[in-house]
Amino acid sequence: MIMKLIKLDSTVPRDELLDVIRNSELVNDRVKFDENKGKPIVHIKDNGKRLKIRCEMIGGPSKDNGFLEGTYFIGTLEESNGLTRLRGLIVTAPIYHTFLALLVAFFVYRCISLRGFNPVPLILLAFSFLMFKGEFEKQGTIERYLNRAFKRADNRNK
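Quick note on numbering: the sequence shown equals residues 1 to 158 in the numbering used here.
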């Protein structure tokens with residue numbers, strides 16, 4: 001999946017919720033991770049309403065370089081009427097996938113215009129999913145991280 005939609009609500013004030021989201025140790029407390037892949041650490045950029053969260057796997061067997069933007073959450077965190085709402089998307093390598101979609105569309109167009117079959121689009125798609133398998137798995141990691149952060153903030157606020 002190239003994108004994942006996130007919609008979370010909480011009664012915790014925005015600033016407190018943002019503090020919990022920033023505290024990776026609190027959110028990841030008592031959570032087991034696959035030692036072979038490493039432990040996820042989040043990097044948060046907050047500029048007013050906009051929020052960008054990037055996930056990096058630390059301690060894995062290979063360097064996590066986030067090829068072409070990697071996987072990240074981009075959205076808004078806003079408070080109104082006593083409710084804090086997080087809305088946004090988790091995307092994986094949008095620059096690469098935009099280029100890939102254009103390339104596949106070109107190959108499909110050429111196949112139709114020449115009335116022939118070309119395996120290149122299928123090979124490109126298979127290559128993309130194999131190459132970015134680890135990055136696509138981070139989408140679930142970021143989603144679970146945000147869900148845990150909201151639950152821990154709610155429990156902390158009670």
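Built from N, CA and C at the ideal position, the CB exists for glycine as well. Note that this is a predicted model, so its numbers are computed, not measured.
Tell me which residues share the same chain as residue i and place their Cβ nearer than 7 Å to its Cβ, disregarding the 5 neighbours each side in the sequence.
i	result
S128	L100
T92	I2, T71, F132, E135, F136 and Q139
V12	T84, A153, D154 and N157
For residue i, name the three-state secondary structure that DSSP assigns.
i	result
R76	This sequence places Thr at residue 76; Arg is not what is there. In the structure shown, T76 sits in a strand (DSSP, three-state: E or B).
V123	For the sequence presented, residue 123 should be read as Ile rather than Val. I123: helix per DSSP, three-state reduction.
R54	strand
K4	strand
D9	strand
If you measure between the beta carbons of residue i and residue j, is that distance less than 7 Å?
i	j	result
T159	K49	With the chain running from 1 to 158 in the structure shown, residue 159 is simply not present.
A153	L17	yes
I123	C55	no
R22	E79	no
S24	I41	yes
V120	F106	no
I90	K151	no
Leaving out the 5 sequence neighbours to the left and right, which residues in its chain are closer than 6 Å to residue i when beta-carbon positions are compared?
i	result
G38	M57, I58, G59 and G60
A149	V20, I21 and V27
Spatial neighbours of residue i within its chain, please: CB distance less than 8 Å, with the 5 preceding and 5 following residues excluded, ordered by chain position.
i	result
L146	I6, L8, I21, I53, F73 and L86
Determine the extent of the alpha helix (DSSP H) in which residue i is found, giving its start and end residues.
i	result
V27	S24 to V27
- request: Report yes or no: do the stretch 7 to 27 and the stretch 81 to 101 share at least 3 C-beta pairs separated by less than 8 Å?
  value: yes
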